[in-house]
Amino acid sequence: MVPNDKTGVTRRDLLKTTGAGGIVLVGTTAGCLESSDGGDGGAEDGGSGGGNESTGGGAEGTDSSGGGGSGQDSYSIGMVNALTGSLAPYGERNQRGTELALAAINEVGVGSNDGEFSVIEEDSESVNQAGVNGARKLVTQDEVPLLIGAVGSGVSIAIFDSVVSGTDVVQISQNSTSPELTNKPDLLRTSPSGSAKGKALASLVAEEHDTVAVTWINNDYGTGLSEVFAGSFEGDVAYNTPHDQDQSSYRGILSEMAGTDATAWVFITYANEYTIMVNEAYDQGFNEEVDYYGAESTVADSIIENTEPGSMDGMTGITESAPVDQESYQQFQSAFEDQFDASPTVWSAYAYDAVTIAAIATEAASEFTGAALQEVVRDVTRPEGEQVYTFEEAKQILADGGSASDVNYEGVSGPVDLDENGDPPGYYQIYRVADHSYEYGDFITG
Numbered sequence: 004m005v006p007n008d009k010t011g012v013t014r015r016d017l018l019k020t021t022g023a024g025g026i027v028l029v030g031t032t033a034g035c036l037e038s039s040d041g042g043d044g045g046a047e048d049g050g051s052g053g054g055n056e057s058t059g060g061g062a063e064g065t066d067s068s069g070g071g072g073s074g075q076d077s078y079s080i081g082m083v084n085a086l087t088g089s090l091a092p093y094g095e096r097n098q099r100g101t102e103l104a105l106a107a108i109n110e111v112g113v114g115s116n117d118g119e120f121s122v123i124e125e126d127s128e129s130v131n132q133a134g135v136n137g138a139r140k141l142v143t144q145d146e147v148p149l150l151i152g153a154v155g156s157g158v159s160i161a162i163f164d165s166v167v168s169g170t171d172v173v174q175i176s177q178n179s180t181s182p183e184l185t186n187k188p189d190l191l192r193t194s195p196s197g198s199a200k201g202k203a204l205a206s207l208v209a210e211e212h213d214t215v216a217v218t219w220i221n222n223d224y225g226t227g228l229s230e231v232f233a234g235s236f237e238g239d240v241a242y243n244t245p246h247d248q249d250q251s252s253y254r255g256i257l258s259e260m261a262g263t264d265a266t267a268w269v270f271i272t273y274a275n276e277y278t279i280m281v282n283e284a285y286d287q288g289f290n291e292e293v294d295y296y297g298a299e300s301t302v303a304d305s306i307i308e309n310t311e312p313g314s315m316d317g318m319t320g321i322t323e324s325a326p327v328d329q330e331s332y333q334q335f336q337s338a339f340e341d342q343f344d345a346s347p348t349v350w351s352a353y354a355y356d357a358v359t360i361a362a363i364a365t366e367a368a369s370e371f372t373g374a375a376l377q378e379v380v381r382d383v384t385r386p387e388g389e390q391v392y393t394f395e396e397a398k399q400i401l402a403d404g405g406s407a408s409d410v411n412y413e414g415v416s417g418p419v420d421l422d423e424n425g426d427p428p429g430y431y432q433i434y435r436v437a438d439h440s441y442e443y444g445d446f447i448t449g
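Start counting the sequence shown at 4; every next residue gets the next number (this note's numbering).
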């Protein structure tokens with residue numbers, strides 16, 4: 004990864020309070036499992052809200068005579084985020100990344116009037132139906148032309164199929180990694196597909212084991228990643244069975260895994276579910292008999308906080324990672340730590356980039372409508388344009404007569420470069436649990 008030596012972002016840009024251009028919270032944030040981001044960690048699968056009014060969403064008040072939404076005073080987009088439920092530990096990370104992105108954007112302003120940019124947020128409750136309800140409210144009532152969402156792959160796909168498909172609305176998922184999203188090229192995302200991660204995880208396990216037992220959460224995320232893993236693992240997959248979300252016990256699954264001759268157990272699941280599994284396996288001494296492996300969704304502060312020391316020491320896995328040597332990420336990290344007294348994760352950076360791409364597309368579009376945004380949203384991330392690392396740099400190119408294809412936004416999470424399937428490149432890191440904390444090692448690209 005080439006460090007950025009030209010970024011114009013300042014900590015003042017990132018730390019400016021969001022003011023009128025902040026996140027409009029709809030519903031409740033009760034039930035979040037963490038109060039801080041912690042170290043680099045994972046996300047994956049996760050309501051309709053009240054009567055907040057859009058402050059400029061949809062086609063209302065637009066003027067098709069010029070770029071940047073044509074000089075509106077305000078622009079609102081939507082976000083479906085996991086504020087409650089299994090993915091709540093990751094929803095708060097999204098909010099923080101979003102807040103920093105809005106601060107940087109609104110320091111400059113969008114369009115010829117330097118209008119305010121804001122996000123109307125709905126809670127997916129980490130499940131498909133609530134996510135669909137929230138997205139439908141944002142699209143039909145708030146009339147947003149662009150929707151960021153969701154955390155969970157199943158929620159993102161359900162939103163696309165039920166609300167977005169067949170419309171001009173642009174959807175960008177901030178956190179969904181299932182390979183299934185690749186089959187829906189109009190469903191964009193800032194986090195990479197799990198295909199490369201699944202193959203890398205299979206290779207990592209095969210270095211030490213020739214027989215594995217796999218359990219995966221029964222949704223699009225678990226299905227997609229488990230299929231890639233099983234298809235890539237060179238040894239014997241002795242057990243490959245799904246488990247349901249939000250169960251109070253998984254002792255039956257664990258007993259079945261223990262009944263195999265597998266020397267490695269692979270957990271493709273979420274923080275709440277994995278926490279229960281770790282505790283129940285520890286009670287039965289299974290952790291002393293096999294090695295644990297996982298992906299990004301088995302990394303969360305809440306897991307460490309709610310499991311016994313030593314219960315998963317030695318666990319190894321692969322998670323999405325940020326390019327920590329890139330100057331723009333270091334600027335983001337510094338601002339994040341100052342603002343929230345916590346270290347960011349790559350998932351916060353993905354949310355930051357999704358909001359920034361939305362603002363740059365708004366600046367580049369002929370009008371603030373879904374159809375106009377569709378025409379430019381991929382172009383502003385493509386490598387053919389001039390590399391920019393901030394909204395301000397992108398706006399300057401566009402103000403000087405440049406078009407969307409003249410801009411190549413390089414995100415704080417790494418190159419975005421949305422391809423024909425709506426996927427960015429992957430950037431991963433190996434992690435291990437030692438002394439009941441996460442440690443990070445080698446990087447992998449995919």
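For every residue, glycine included, the Cβ atom is placed at its ideal position computed from N, Cα and C.
Checklist line | When 445, 446, 419 are compared against residue 193, the one with the closest alpha-carbon | finding: Distance check between residue 193 and each of 445, 446, 419 places 419 closest, using alpha-carbon atoms only.
Checklist line | Euclidean distance between Cα positions of residue 411 and residue 360 | finding: Roughly 10 Å separates the two Cα atoms.
Next item on the list: Can you give me the Cβ contacts of residue 266 inside the same chain, cut-off strictly under 7 Å, excluding the 5 residues immediately before and after it?
Entry: Counting only Cβ-Cβ distances below 7 Å, and skipping sequence neighbours, we find 212, 214, 293, 294.
Check: Buried or exposed: residue 284, going by 16 or more other Cβ atoms within 10 Å of its Cβ?
Finding: Classification of residue 284: buried, given that the 10 Å Cβ count is 16 or more.
Next item on the list: Indicate the three-state DSSP secondary structure (helix, strand or coil) for residue 315 in the structure shown.
Entry: In this structure, residue 315 counts as coil in the three-state DSSP scheme.
Check: Is the beta carbon of residue 362 sitting closer than 8 Å to the one on residue 376?
Finding: Annotated as distal: residue 362 and residue 376, with beta-carbon spacing of 8 Å or more.
Next item on the list: Can you tell me which of the three DSSP states residue 431 falls into?
Entry: Reduced to three states, the DSSP call for residue 431 is strand.
Item checked: Identity of the residue in 315, 381, 207, 219 nearest residue 439 by Cα -> Closest option to residue 439, Cα to Cα, is 315.
Note to self: I'd like the span of the alpha helix (DSSP H) that includes residue 343, first residue to last.
What the structure shows: That run of the alpha helix (DSSP H) goes 330–343.
Notebook entry, point to check: How about residue 182: is its Cβ closer than 7 Å to a heavy atom in the ligand HEM?
Noted result: Only the bare structure without any ligand can be found here, which leaves the ligand HEM out of the picture.
Notebook entry, point to check: DSSP puts residue 268 in a beta bridge; with which residues?
Noted result: In the DSSP output, where bridge partners are listed per residue, residue 268 has 216, 295.
Margin query: Suppose contacts are defined by Cβ-Cβ distances below 8 Å. Is residue 263 in contact with residue 241 by that definition?
Written below: Yes; because the gap between Cβ atoms is below 8 Å, this pair is in contact.
Notebook entry, point to check: Which of helix, strand or coil does DSSP assign to residue 236?
Noted result: The answer is coil: DSSP assigns residue 236 none of H, G, I, E or B.
Check: From residue 441 to residue 325, what does the alpha carbon distance come to, in whole angstroms?
Finding: In a straight line, the C-alpha of residue 441 is about 16 Å away from that of residue 325.
Notebook entry, point to check: What are the start and end residues of the beta strand (DSSP E) that includes residue 166?
Noted result: In this chain, residue 166 is not harboured by any beta strand (DSSP E), its DSSP state being neither H nor E.
Check: Can you tell me where the alpha helix (DSSP H) with residue 144 in it begins and where it stops?
Finding: Judged by DSSP secondary structure, residue 144 falls outside any alpha helix (DSSP H); it is assigned neither H nor E.
Item checked: Contact between the segment 139–146 and the segment 112–121 (3+ Cβ pairs under 8 Å) -> As far as the Cβ criterion goes, the segment 139–146 does not touch the segment 112–121, which means the pair count is below three.
Item checked: Cut-off 8 Å between Cβ atoms - residues of its own chain near residue 321, not counting five sequence neighbours on either side -> Correct list, in chain order: 200, 203, 204, 207, 298, 299, 431, 432, 433, 434, 447.
Notebook entry, point to check: Comparing alpha-carbon positions, which option in 421, 108, 127 lies nearest residue 385?
Noted result: Scanning 421, 108, 127 for the CA closest to the CA of residue 385 turns up 421.
Checklist line | Option nearest residue 216 by Cα separation, candidates 172, 224, 197, 271 | finding: Among 172, 224, 197, 271, the Cα nearest to that of residue 216 is on 271.
Note to self: Between residue 209 and residue 236, how many whole angstroms is the CB-CB distance? I'm expecting something under 8 Å.
What the structure shows: About 6 Å separates the Cβ atoms of residue 209 and residue 236, confirming a contact at the 8 Å cut-off.
Check: Can you tell me the Cα-Cα spacing of residue 91 and residue 221, whole angstroms?
Finding: So the two alpha carbons sit approximately 18 Å from each other.
Margin query: Using 8 Å as the cut-off, can you tell me whether the segment 73–82 makes contact with the segment 119–127, which would need three or more C-beta pairs spanning the two stretches below that distance?
Written below: When Cβ pairs closer than 8 Å are counted between the two stretches, the segment 73–82 is seen to touch the segment 119–127, the count reaching three or more.
Margin query: Is the separation between the beta-carbon of residue 358 and that of residue 173 shorter than 8 Å?
Written below: No, they are not a contact pair.
Note to self: Which of the three DSSP states is assigned to residue 368 in this structure?
What the structure shows: Residue 368 falls in the coil class under three-state DSSP.
Note to self: For the beta strand (DSSP E) containing residue 94, name the first residue and the last one.
What the structure shows: Per DSSP, residue 94 lies in no beta strand (DSSP E) segment; the continuous alpha helix (DSSP H) that holds it begins and ends at 91–111.
Note to self: So for residue 421, helix, strand or coil by DSSP?
What the structure shows: Here DSSP, grouped into helix, strand and coil, assigns residue 421 to coil.
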